[in-house]
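Worksheet for the structure shown next.
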Amino acid sequence: DEYDSVKVRLQPIPASQSSEEVLLAAIAGGTTPDICSNMWPGAMSDFIKAGGLVCLDTFPDFYDVMLSRVPDDLLESFRAEDGHFYQVPWKCNPVMMVYNVKLFKEAGIEKPPATYSEFLAAARKISKDIDGDGKPDRWMGYRDIKPIWWQRLFDFYPFYIAATGGGTLFKKGKLILNNPAAVKVFSFFQRLYMENYFPRSTLQGDQFLAGNIAVQFSGTWIVSYIERFKREDFEYDIAPVPVPDDYRGPVYTYGDPKNISIFSTTHHPGYAWEFVKFLISKANDLALLRKCTQIPVRKDLVTDEYFKEYFKENPKIRKFAEQAPYTRGVDGVPDLKEIFHIVSLEYEACCIYGVKEPGKAVQDAERNAKVVMEWNRQ
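Just so you know, we're using this note's numbering here: the sequence shown kicks off at 157 and counts up by one.
Take a look at the structure:
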């Protein structure tokens, strides 16, 4: 084999607050690796601005390789502002609704709720005061209420992507947060908290496995966790996140993607590109599924005979794989964490504590985000 002489050294990213911080420091110091397979799309603009990445569409077979693997619209969502590509879509963890089948059946709910009104109707039946102390102790769902920016990637943002039919917070470089879909999402979560279908407190222990919470929103990692710690009689299943009642079309969600990039410090760009193609081969995609239960970004994943046996053995993971083509990441803008922090503050005020109307909260979120963006450009 022509690559037998090429030695590959694998090393973990040094521990830090985030891998993005480590990589930005490495770019500044000229100590980046040839390849990294833990690239968060939200930080790409910082890496590109620093001149740290190889433009991948300069490789002559880039588009052939990508379009044989990735749905066109999903690939397009990773195009940088300058029109080029600096990341290879690799794996994702679609955020989906994981639900307790027994609690649903006991409440007379035969199928998982697909719309906001169905979800609220199910919540009315499931949420209750079991021990008669006047306080709810069984809830439809639970989300961490702390106003930390990344928490919104598991409630507001997947629901926003679903409500917009695969939209993100930006369009052609312009923030478009103040729109009817965002207001619908805020209104929906406000009702969940105002009607005590979701608790406003931090719960101790895993109340989903304890049978006190019917629904949670999570990625594929939840399956191996549940299988490890559940009681024998615990039955659960997976479904797409609910959408507004008037929504039509496929249900999209946040994909929590991690991608692959080549750094501009490499002395072997050709070999690096060949290794990236090796990483995303069918054999390695199957190994990724078996070892990590992470979903490769591959449009024919659930229909390809190569993966058939795995999905037959792992029907829960298949649900996530079926969702994967209908996912979106985040916009590659430098202010993204600050924008999500602002969204979190408005979400807290509006949805969790009900002190602000949804329309006003969304309007204020966009206005405040634009102020931050303008300040950062000065």
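Just so you know, even glycine gets a beta-carbon here, dropped at the ideal spot from N, CA and C.
Limits of the unbroken alpha helix (DSSP H) element including Val-528: 514-533
Residues sharing a beta bridge with Val-254, DSSP: Gln-372, Ile-394
9 Å Cβ cutoff met for Gly-476 and Ile-451: The residue you asked about is not Gly; residue 476 is Phe in the sequence shown. Contact flag set, yes.
N-terminal and C-terminal residue of the alpha helix (DSSP H) that Trp-377 is part of: 377-385
Arg-474, DSSP secondary structure in three states: helix
Top-ranked residue by Cα proximity to Asp-285, from Lys-205, Tyr-353, Pro-170, Tyr-466: Tyr-353
Same chain only: Cβ atoms within 7 Å of Lys-433, ignoring 5 sequence neighbours per side: Val-221
Local Cβ density within 10 Å of Arg-454, reported as buried at 16 or more and exposed below that: buried
Min CB distance Glu-465 to chain C below 9 Å: In the displayed structure, chain C is absent; only one protein chain is listed.
CB contact flag (Asn-415, Val-244, <9 Å): yes
Host alpha helix (DSSP H) of Gly-185 (start-end): 175-185
Simplified DSSP state of Val-499, which is helix, strand or coil: helix
Whether Leu-230 touches Phe-241 by CB criterion (9 Å): no
For Pro-245, the three-state DSSP class (helix, strand or coil): strand
Bounding residues of the beta strand (DSSP E) (the contiguous stretch that carries Ser-283): Where Ser-283 is concerned, there is no enclosing beta strand (DSSP E), given that its DSSP letter is neither H nor E.
Proximity of Cys-506 and Leu-348 at Cβ, strictly below 9 Å: no
6 Å CB neighbourhood of Asp-487 in its chain, flanking five on each side removed: Thr-324, Leu-325, Phe-326
Rounded distance between the beta-carbons of Ala-319 and Val-399, thought under 8 Å: 6 Å
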